[in-house]
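Q: So in the UniProt record's numbering, spot 2 of the sequence shown is number 2, and the numbers just go up one at a time. I have a structure here, written as structure tokens, and I will follow up with some questions on it.
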Amino acid sequence: MADDKTNTGGNDRRQVAGEEPYEVAYFADKHGISREQARELIDRHGNDRATLDAAAERLSA
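Here is the structure:
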């Protein structure tokens, strides 16, 4: 299901929409990792932004 771009707010920001290329690109660029690595993290850890941020920090360290 596509991300509803009219429904933004706190709940929407707590998750990374892994099916949206622009979200994956933003997340990858933010952490200095490849888009492939970002997709792998989303597949492994789900779409919770805090969990993904922590995993990406460990990966890029």
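Backbone N, C-alpha and C fix where the C-beta goes; we use that ideal spot for every residue, glycine too. Since the structure is predicted, the reported quantities are computational estimates derived from the model, not experimental observations.
Could you check whether L52 and V24 sit closer than 8 Å to each other, using their CB atoms as the reference points?
A: As a working mapping, residue 24 is identified with position 24 in the sequence shown. As a working mapping, residue 52 is identified with position 52 in the sequence shown. Result no, Cβ atoms of V24 and L52 do not sit closer than 8 Å.
Q: What number of angstroms, rounded off, separates the C-alpha of I42 from the C-alpha of A61?
A: In the sequence shown, residue 42 corresponds to position 42, counting from 1. In the sequence shown, residue 61 corresponds to position 61, counting from 1. Spanning the two alpha carbons is a distance of roughly 18 Å.
Q: Going by DSSP, what residue range makes up the alpha helix (DSSP H) through A50?
A: Numbered from its first residue, the sequence shown carries residue 50 at position 50. Element bounds for A50: R49 to S60.
Q: Let me check one thing: in DSSP terms, what residues is Q15 bridge-paired to?
A: Along the sequence shown, one-based indexing puts residue 15 at 15. For Q15, which the question treats as bridged, DSSP gives the partners D48.
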